[in-house]
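See structure below.
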Amino acid sequence: MKACATGYFSHPDCRRHDMGEGHPECPERLDAIEDRLLITGVGDALERREAPPAALSDLALAHDRMHLAALQGLEDQLAEQIEAGGPSHIHIDADTSMNRHTWEAARRAAGAAIAATDAVIAGELENAFCAVRPPGHHACRSQAMGFCFINNVAVAARHALERHGLQRVAVVDFDVHHGNGTEDILAGDPRVLMVGIFQQGLYPFSGERPKGTNMANLPVPAYTRGMDVRELIEQEWMPRLEAFRPEMIFVSAGFDAHREDDLGQLALVEQDYAWITTRIRDVARRHAKGRIVSCLEGGYHLGALGRSVEAHLRALADL
Ligand SMILES: [Zn+2]
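Start counting the sequence shown at 521; every next residue gets the next number (my numbering).
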């Protein structure tokens with residue numbers, strides 16, 4: 521096993537969570553990533569690992585017990601409903617619903633982030649990407665929303681702090697939507713610095729005013745191009761990250777700021793994702809022994825998603 525390897529964590533259950541016909545957060549997203557890694561050969565350079573399910577005590581690092589009990593209760597209610605010949609989904613909000621595999625998929629998604637954190641801290645891997653769904657960055661301490669149930673990145677960040685004794689971790693979020701859930705959970709925690717860039721005025725309509733001094737939010741107007749995003753990142757994120765000297769970096773890797781993605785109106789392309797990832801990797805190598813755990817968030821244009829994840833992984837794995 522190479523100490524410099526990049527891990528790739530996933531699980532078949534993450535594909536079984538399905539929010540219904542025509543929903544953009546669909547199982548085919550993971551197929552698009554897998555296909556791209558296969559045809560480009562990038563998949564061969566990664567160390568693949570199956571994600572274990574997270575325990576309730578893991579999820580409780582970032583969520584309150586009532587939220588977890590409510591999700592489990594919905595899981596039971598859904599099983600009875602399906603048994604009785606009723607609908608196969610339970611809606612949490614207009615665009616977030618559970619099917620009979622959702623709870624297991626959510627536990628695997630958070631489990632991937634935790635296992636990746638363990639492997640990276642143990643030095644078995646330099647960094648890792650979790651190809652998981654459901655995504656997590658809109659999931660608040662006590663609320664599922666915006667396609668998200670459990671906040672995978674927040675759970676893993678807390679796991680690194682509480683159980684591995686790290687003193688400082690950074691969270692980087694470049695999804696087109698504001699990571700309101702991660703902010704809700706980690707705002708005010710002095711052990712965490714969160715830097716995020718997202719489109720102004722878009723779902724979930726938050727983030728203009730950060731909830732804590734440990735949050736560096738960068739709202740940008742629609743149609744902002746990659747070069748401008750890079751300049752902002754260089755000016756706003758880099759000095760904060762350098763001064764904070766994180767011992768590990770968690771990434772909410774959403775690819776819906778891509779030019780071809782209809783869920784947002786930013787204009788990033790694959791090379792921008794490669795550039796951003798390289799900058800994150802530079803900080804990680806200077807301060808954090810290269811330790812990065814990146815988790816898939818958004819990205820809904822299947823072609824752009826596959827190509828963007830490929831660019832992200834090439835930068836993580838130095839390919
Ligand atoms: Zn998004």
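Don't be surprised by glycine CBs; every beta carbon is placed ideally from N, CA and C.
In chain order, the residues with a C-beta atom nearer than 6 Å to some heavy atom of ligand 1 are D695, V696, H697, G774, D776, E817, G818.
Between the alpha carbons of A736 and R628 lies a gap of roughly 29 Å.
No residue range can be given for D776, since it is assigned to no alpha helix (DSSP H) and is classified by DSSP as neither H nor E. The beta carbons of V652 and E830 sit no closer together than 7 Å. In this structure, H531 places its C-beta atom within 7 Å of the C-beta atom of E570. Close CB contacts of L738 within its chain, under the 7 Å cut and outside five residues either way in sequence, are with G716, I717, L752, E756 (chain order). Exclusion of the five residues before and after E780 leaves H821, G823, A824 as the residues of its chain whose Cβ lies within less than 8 Å of its Cβ.
The beta-carbon separation of G540 and H609, rounded to 6 Å, stays under the 8 Å limit for a contact. Membership of I812 in any alpha helix (DSSP H) is not indicated; the residue belongs instead to the beta strand (DSSP E) covering 812-816. Taking all protein chains shown into account, H807 has 16 or more neighbouring C-beta atoms within 10 Å of its C-beta and is therefore buried. With three or more CB-CB distances shorter than 8 Å, the segment 679-692 counts as touching the segment 618-637. Under a 10 Å Cβ-count criterion, L558 is classified as exposed, with fewer than 16 other Cβ atoms of the shown protein chains found around its own Cβ. Counting along the chain, Y793 sits inside no beta strand (DSSP E); it lies in the alpha helix (DSSP H) bounded by residues 790-807. Note: T744 is not bridge-paired with any residue in the DSSP secondary-structure output. Per DSSP, V692 lies in no alpha helix (DSSP H); the unbroken beta strand (DSSP E) holding it starts and ends at 689-693. Sequence-distant Cβ neighbours of L579 in its own chain, meaning closer than 7 Å and more than five residues away, are L588, A630, I670, V675. Inter-segment contact for the segment 741-748 and the segment 787-806 is present: three or more beta-carbon pairs are separated by less than 8 Å. Straight-line spacing of the CA atoms in V813 and V696 works out to 19 Å. When secondary structure is reduced to three states using DSSP, D613 falls in the strand class. H832 and V692 have their C-alpha atoms spaced approximately 14 Å apart.
Taking every protein chain shown into account, the CB of L576 has fewer than 16 other CB atoms within 10 angstroms, so this residue is exposed. Secondary structure in the segment 550-579: the alpha helix (DSSP H) runs of 4 residues or longer, each lying completely within the stretch, are 576-579 in chain order.
For C524, the number of other beta carbons within 10 angstroms of its own is below 16, and it is reported as exposed. Annotation for G593: the continuous alpha helix (DSSP H) segment containing it runs 585-603. Annotated as proximal: D704 and R661, with beta-carbon spacing under 7 Å. By the Cβ-count criterion, A604 is exposed, with fewer than 16 other Cβ atoms from all chains shown falling within 10 Å of its own Cβ. Counting every other CB atom within 10 Å of its CB across the protein chains shown gives D613 a total below 16, marking it as exposed. Rounded to whole angstroms, V749 and R585 show a C-alpha spacing of 38 Å.
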